[in-house]
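Novice: Sending over a structure as structure tokens; questions will come in a sec.
Chains as they are written, first to last, in our numbering: chain D, 5 to 280; chain U, 5 to 280.
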């Protein structure tokens, strides 16, 4: 059969992605405004809360805020199920929580949000206002995510969370180039699409070569550690039923290295930060 | 062939274990004295530092100190390789570090300890005084561990670290039953040996049934999460070359659950704490 057409990045809505990207700039402004409100009101600590994939996604913001924040800035990444069981001794009615739920119904997050609201803690959520979590936090504290995994939902969540967290840093004098960050990321979606297209042949090659491996390692660190977990656990384990082992580059040499043998693909997510 | 002798818990030096246990009580007193010195001098934050297995082992103490500590107690579990790359914004010359190295030469820990000493940070180590790390921290700040994996080294490390950390809590008024803890654990080693013996037939059964499984899951949480990692990574991956996937019970339902299928053993480490 003759090849009559080459379909680029299949099952990916390119136009929708770019449209979402444009809309995201406006949504980002809303996130920034929420951060400004928090900065004006004051806060004693920032809690980033998720479960599973949302916990992974918020890890990069925890990394950035702790890296660039001043000594007195308290930022904690918490897991909703663990918080429900244990609470957190540093959380008070002056604390602020950022959470996310694509479905709008994640039970652990819903339970936590209700308890937090009862404690008088300010909660902001990346979720649809009409969902159960959206209703619990209130529409004015919600930012709807235009996200689906088919069109790169994760990176949009990263962007929105960063608009909130990096703005908080900025207001403390810790991230002076916040406006430049917004300006530079405004039209980044076209570039992100181009990167996808350029990577397509390599992705196809990797998939053909390694997709059926019975067990695959993924190594990451620093700002990319959350994404390393997310890719392994949410994309490959949950969605593709692949057996993976993710490990930080810092600990790889303390055990998992022993399992590298012929037939075990090892993927390295190389970042640009000091943990590389 | 007739069975003439039943050897209990093979490759385990029972007498040596009990002797070590007795000696440990004295070593624990030294740990307690070091904690008293730190409490007398004052400190702004406690850092528990390891890599690989030592990081895993210290996780239970981080959990206990954060659980029972007052709101102002700062306890951080840090990874030596990451600290070498990033430092920690809350560490000052008033901070105190507890670390461990069985070999006495762990390169990441050695590098970190030297830098910390240069910063004027107090460092205490569970390691042999004559080792490189022991020399770097000074013999007066070392507590030698009588530990080898064949005779239950991990639990002795847990005990010694707890003598230090729980005593710090006690001196803050947060762990009032410290003396009772010491009293109750003084003769625990015989019980620990009995538990091992009682579990022996079950362990043999589990080993026969599951040892050759190509991939095994281990689920834990709370105080047992560090041990869940340690058992999977250090005991099975590093020493037995087994493929494992360890996962917190809080996140198990957010992805890894999908990989439970016939032939995949799932081990659950059930603790006694609120994360159970």
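Built from N, CA and C at the ideal position, the CB exists for glycine as well.
Locate the alpha helix (DSSP H) running through residue 169 (chain D), then write down its first and last residues.
Specialist: By one-based count along the first chain, residue 169 (chain D) stands at place 165. 157-175 is the span of the alpha helix (DSSP H), which, as asked, contains residue 169 (chain D).
Novice: From which residue to which residue does the beta strand (DSSP E) around residue 179 (chain U) run?
Specialist: Mapped onto the second chain, residue 179 (chain U) falls at position 175. Here residue 179 (chain U) belongs to no beta strand (DSSP E), and DSSP marks it neither H nor E.
Novice: Assuming residue 149 (chain D) and residue 136 (chain D) form a contact by the criterion Cβ under 8 Å, report the distance between their Cβ atoms to the nearest whole angstrom.
Specialist: To locate residue 149 (chain D), count along the first chain from 1; it is residue 145. To locate residue 136 (chain D), count along the first chain from 1; it is residue 132. Not confirmed; about 16 Å, so no contact.
Novice: Let me confirm a value: residue 202 (chain D) is counted as buried when at least 16 other C-beta atoms fall within 10 Å, else exposed. Which label applies?
Specialist: Working through the first chain from its first residue, we reach residue 202 (chain D) at position 198. That one is exposed.
Novice: How many whole angstroms separate the CB atoms of residue 260 (chain D) and residue 241 (chain U), which I take to be in contact at a CB cut-off of 8 Å?
Specialist: Residue mapping note: residue 260 (chain D) aligns to position 256 of the first chain, counting from 1. Residue mapping note: residue 241 (chain U) aligns to position 237 of the second chain, counting from 1. Indeed they touch by this definition, with Cβ atoms about 6 Å apart.
Novice: What residue range is occupied by the uninterrupted beta strand (DSSP E) comprising residue 248 (chain U)?
Specialist: Position 244 of the second chain, counted from the start, is the residue given in the question as residue 248 (chain U). Counting along the chain, the beta strand (DSSP E) containing residue 248 (chain U) begins and ends at 248-252.
Novice: Got a sec: which bits of the region 81-108 of chain U sit with their beta carbon under 7 Å from any beta carbon on chain D, in order along the chain?
Specialist: Those residues of the region 81-108 of chain U that come within reach of chain D (Cβ to Cβ, closer than 7 Å) are 83, 85, 86, 89, 90, 93, 94.
Novice: With a CB to CB cut of under 8 Å and the five nearest residues on each side skipped, what residues in its chain are close to residue 46 (chain D)?
Specialist: Translated into the one-based positions of the first chain, residue 46 (chain D) becomes position 42. These residues qualify, in order along the chain: 98.
Novice: From residue 17 (chain U) to residue 195 (chain U), what distance separates their C-alpha atoms?
Specialist: For this step, residue 17 (chain U) is matched to residue 13 along the second chain. For this step, residue 195 (chain U) is matched to residue 191 along the second chain. Roughly 15 Å between the two C-alpha positions.
Novice: Reducing DSSP to helix, strand and coil, say where residue 31 (chain U) ends up.
Specialist: Taking the first residue of the second chain as position 1, residue 31 (chain U) is located at position 27. Helix, per DSSP.
Novice: Alpha carbon to alpha carbon, how far is residue 274 (chain D) from residue 280 (chain D)? Give it in angstroms, no decimals.
Specialist: Counting from 1 along the first chain, the entry for residue 280 (chain D) is found at position 276. Counting from 1 along the first chain, the entry for residue 274 (chain D) is found at position 270. Their backbone Cα atoms lie some 6 Å apart in a straight line.
Novice: Just the chain D side, please: which residues come within less than 7 Å of residue 66 (chain U) by C-beta, in chain order?
Specialist: The sequence position of residue 66 (chain U) within the second chain is 62, counting from 1. None at all; the shortest Cβ gap to chain D is about 13 Å.
Novice: If you measure from the beta carbon of residue 75 (chain U) to each beta carbon in chain D, is any gap under 8 Å?
Specialist: For the purposes of this step, residue 75 (chain U) is taken as the residue at position 71 of the second chain. It does: the Cβ of residue 75 (chain U) has a partner Cβ on chain D nearer than 8 Å.
Novice: If the cut-off is 7 Å on Cβ atoms, which residues from the region 219-243 of chain U count as contacting chain D, listed in chain order?
Specialist: Cβ contacts with chain D: 219, 237, 238, 241, 242.
Novice: Among D:239, D:105, D:85, D:75, which residue has its Cα nearest to the Cα of residue 48 (chain U)?
Specialist: Taking the second chain and counting its residues from 1, one reaches residue 48 (chain U) at position 44. Per the Cα distances, D:75.
Novice: Can you find a CB in chain D that lies within less than 8 Å of the CB of residue 255 (chain U)?
Specialist: Taking the second chain and counting its residues from 1, one reaches residue 255 (chain U) at position 251. Output row for residue 255 (chain U): interface = yes.
Novice: Tell me, please, whether the CB atom of residue 278 (chain D) is closer than 8 Å to any CB atom in chain U?
Specialist: Start at 1 with the first residue of the first chain, and residue 278 (chain D) comes out as number 274. Yes, residue 278 (chain D) counts as interfacial toward chain U.
Novice: Using 7 Å as the cut-off, classify the Cβ of residue 105 (chain D) as near or not near the heavy atoms of the ligand MG, replying yes or no.
Specialist: Among the components modelled here there is no ligand, and therefore nothing to report on the ligand MG.
Novice: For residue 96 (chain D), which of helix, strand or coil comes out of DSSP?
Specialist: Counting from one through the first chain, the residue named residue 96 (chain D) turns up at place 92. The answer is coil: DSSP assigns residue 96 (chain D) none of H, G, I, E or B.
Novice: Pull up the distance between the alpha-carbon of residue 254 (chain D) and that of residue 6 (chain D), whole angstroms please.
Specialist: As a working note, residue 254 (chain D) is residue 250 in the first chain. As a working note, residue 6 (chain D) is residue 2 in the first chain. So the two alpha carbons sit approximately 49 Å from each other.
Novice: Verify the CB distance criterion: does residue 61 (chain U) have a CB-CB separation below 8 Å to chain D?
Specialist: For the purposes of this step, residue 61 (chain U) is taken as residue 57 along the second chain, with counting starting at 1. No, no contact with chain D.
Novice: May I ask which residues mark the beginning and end of the alpha helix (DSSP H) holding residue 58 (chain U)?
Specialist: As a first step, residue 58 (chain U) is located in the second chain; it is residue number 54 there, counting from the start. Its alpha helix (DSSP H) spans residues 57-72.
Novice: Residue 247 (chain U) versus chain D: which residues are under 8 Å apart at the beta carbon?
Specialist: Indexing the second chain from 1 puts residue 247 (chain U) at position 243. Simply 219, 247, 249, 263.
Novice: Just to make sure I have the definition right: I need the residues of chain D whose C-beta is within less than 7 Å of the C-beta of residue 56 (chain U). Which are they?
Specialist: Sequence index remark: in the second chain, residue 56 (chain U) carries index 52 (1-based). By Cβ distance, chain D contributes 255, 258, 259.
Novice: Report the residue ranges of all alpha helix (DSSP H) runs contained in full by the region 207-268 of chain D; include only those spanning at least 4 residues, in chain order.
Specialist: Counting only runs of 4 or more, we get 229-234, 253-256.
Novice: Residue 83 (chain D): buried (16+ other C-beta within 10 angstroms of its C-beta) or exposed?
Specialist: Here residue 83 (chain D) is taken as the residue at index 79 of the first chain, counted from 1. With 16 or more other Cβ atoms within 10 Å, it is buried.
Novice: Between the alpha carbons of residue 189 (chain D) and residue 248 (chain D), how many angstroms are there, rounded?
Specialist: The residue you call residue 189 (chain D) lines up with position 185 of the first chain. The residue you call residue 248 (chain D) lines up with position 244 of the first chain. Rounded to whole angstroms, residue 189 (chain D) to residue 248 (chain D) spans 32 Å at the Cα level.
Novice: Relative to the alpha-carbon of residue 159 (chain U), which residue among U:11, U:62, U:73 has its alpha-carbon at the smallest distance?
Specialist: Locating residue 159 (chain U) in the second chain gives position 155, counting from the first residue. Nearest of U:11, U:62, U:73 to residue 159 (chain U), Cα basis: U:62.
Novice: In the DSSP assignment, what residue or residues form a beta bridge with residue 15 (chain D)?
Specialist: Here residue 15 (chain D) refers to the residue found at position 11 of the first chain. Answer is none; residue 15 (chain D) lacks a bridge partner.
Novice: Closest Cβ-Cβ distance between residue 174 (chain D) and chain U: below 8 Å?
Specialist: As a working mapping, residue 174 (chain D) is identified with position 170 in the first chain. Not closer than 8 Å to any Cβ of chain U, the Cβ of residue 174 (chain D) fails to qualify, so no.
Novice: For a contact defined as C-beta to C-beta under 7 Å, what are the partners of residue 145 (chain U) on chain D?
Specialist: As a first step, residue 145 (chain U) is located in the second chain; it is residue number 141 there, counting from the start. Within chain D, no residue comes near residue 145 (chain U); the closest Cβ sits about 24 Å away, beyond 7 Å.
Novice: Can you check which of these residues, U:238, U:60, U:193, is closest to residue 227 (chain U) by C-alpha distance?
Specialist: What you label residue 227 (chain U) is simply residue 223 of the second chain in a count that begins at 1. With distances taken between Cα atoms, residue 227 (chain U) lies closest to U:60.
Novice: Do the region 165-184 of chain D and the region 38-45 of chain D meet, that is, are 3 or more Cβ pairs less than 8 Å apart?
Specialist: With the cut-off at 8 Å, the region 165-184 of chain D and the region 38-45 of chain D touch.
Novice: How about the region 86-93 of chain D and the region 27-34 of chain D: do they share at least three Cβ pairs that are nearer than 8 Å?
Specialist: Touching, no, given that fewer than three Cβ pairs across the two stretches are closer than 8 Å.
Novice: Looking at the secondary structure, which residues open and close the beta strand (DSSP E) in which residue 270 (chain U) lies?
Specialist: Looking up residue 270 (chain U) in the second chain gives position 266. Residue 270 (chain U) -> beta strand (DSSP E) spans 270-272.
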